[in-house]
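Have a look at the structure below, then the notes.
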Amino acid sequence: MNSHRDGLARSVQTRLARHAKLINTDPNLVLTRFAVERFLYRLSRSPHVDRFVLKGALLMLAWLGDALRPTRDADLLGFGDLSDTALENIFADVCKMDVEPDAMVYLADTVCVEPIRAEDAYGGQRVTLDATLGAARLRVQMDVGIGDAVVPPAVWLDYPSLLDFPRPRLRAYAAETVIAEKFHAIVVLGLRNSRMKDYFDLYALSHRDAEHVSQVDAAAAATFER
């Protein structure tokens, strides 16, 4: 590591610690979120960006802000070949992307792909990899879903940056799709659904996007028919 990267890493860590204190959040959580955010930025600059759509807790965080709930991981919908080998190659490529310095280093040789157990969600693949920020070693995790219905079509999102680095620009679920998916989880899982966050998210979205969720019926129909 050169002296410039050392200095940048210290600056980033100081600013992230300040942000964690400001929002009264675990500093390690903020470090991990930064690592995920900067990985998403690399993905957004890669040839693979069109193969993924952001969804899940990180998307809710972008819409509703830090007050929503802690989250460490990213949830993506993937298209095309999502085999172990294909995802390992894609994520290794993203690790190696040459972007504006942000002090993050992603270790391509640590990429690991494992199936998500069916009872966890809708199945899919879990991708983990290691990263460093100065002397700190971080674990990045992204769950890649397969075959989700996307109605209405995904929209382009400039994802908020924790600091003053360039924002990731990638496709994301529309609010209607998120609402439909959460209704689906509540109905299908029933009393087994211990994720109270689904109910909170529905409440929050109904207030935030009351004027914009014009296709909820179509989104729900597509989700329940998959």
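So the number in my numbering is just where the residue sits in the sequence shown, counting from 1, plus 63. Backbone N, C-alpha and C define an ideal beta-carbon position, used for all residues, glycine too.
Cβ shell of residue i (< 7 Å), same chain only, five flanking positions each side left out
{"i": "LEU94", "result": "LEU79, LEU196, ALA199, LEU201"}
{"i": "PRO229", "result": "TYR104, GLU163"}
Whether residue i touches residue j by CB criterion (8 Å)
{"i": "VAL241", "j": "LEU122", "result": "yes"}
{"i": "SER109", "j": "LEU233", "result": "no"}
{"i": "VAL75", "j": "ALA166", "result": "yes"}
{"i": "LEU145", "j": "VAL207", "result": "yes"}
{"i": "ALA98", "j": "ASP89", "result": "no"}
CA nearest to the CA of residue i, picked from the options
{"i": "VAL162", "options": "LEU103, ARG135, LEU268", "result": "LEU103"}
{"i": "PHE263", "options": "HIS67, ALA72, ALA120, ILE86", "result": "ALA120"}
{"i": "THR77", "options": "ARG108, TYR236, LEU225", "result": "LEU225"}
{"i": "ILE209", "options": "ILE179, HIS247, PHE246, THR134", "result": "ILE179"}
{"i": "VAL112", "options": "VAL250, ASP227, MET160, LEU124", "result": "MET160"}
{"i": "LEU220", "options": "LEU117, ILE249, VAL157, VAL251", "result": "LEU117"}
{"i": "LEU92", "options": "HIS67, LEU124, THR134, MET205", "result": "THR134"}
{"i": "CYS158", "options": "LEU192, ALA137, GLY186", "result": "LEU192"}
{"i": "ARG114", "options": "SER66, PHE154, VAL250", "result": "PHE154"}
{"i": "ALA235", "options": "LEU265, LEU71, ALA137", "result": "ALA137"}
{"i": "MET205", "options": "HIS67, LEU265, ARG96, VAL251", "result": "ARG96"}
Those residues which DSSP pairs with residue i across a bridge
{"i": "TYR236", "result": "Paired residues: none, contrary to the question."}
{"i": "PHE115", "result": "GLY141"}
{"i": "TRP219", "result": "ARG234"}
{"i": "GLU177", "result": "ARG189"}
{"i": "TYR327", "result": "As displayed, the chain neither begins before 64 nor continues past 289, which places residue 327 out of reach and without an answer."}
{"i": "THR195", "result": "VAL168, ARG200"}
Own chain residues within Cβ distance below 6 Å of residue i, not counting five before or after
{"i": "MET64", "result": "Summary for MET64: the model assigns pLDDT 49, below 50, so the residue's position carries little reliability, and this model does not support an answer."}
{"i": "VAL176", "result": "ASP147, LEU150, GLU151, GLN188, VAL190"}
{"i": "ARG101", "result": "ASP165, MET167"}
{"i": "PRO292", "result": "Outside the shown range of the chain (64 to 289) lies residue 292, about which nothing can therefore be said."}
{"i": "ALA72", "result": "ALA166, LEU196, GLY197"}
Sequence-distant residues of the same chain with beta carbon closer than 8 Å to residue i, five excluded per side
{"i": "ASP69", "result": "GLY197"}
Evaluate contact between the segment 134-144 and the segment 161-171, counting only Cβ atoms and requiring at least three cross-stretch pairs below 8 Å. no
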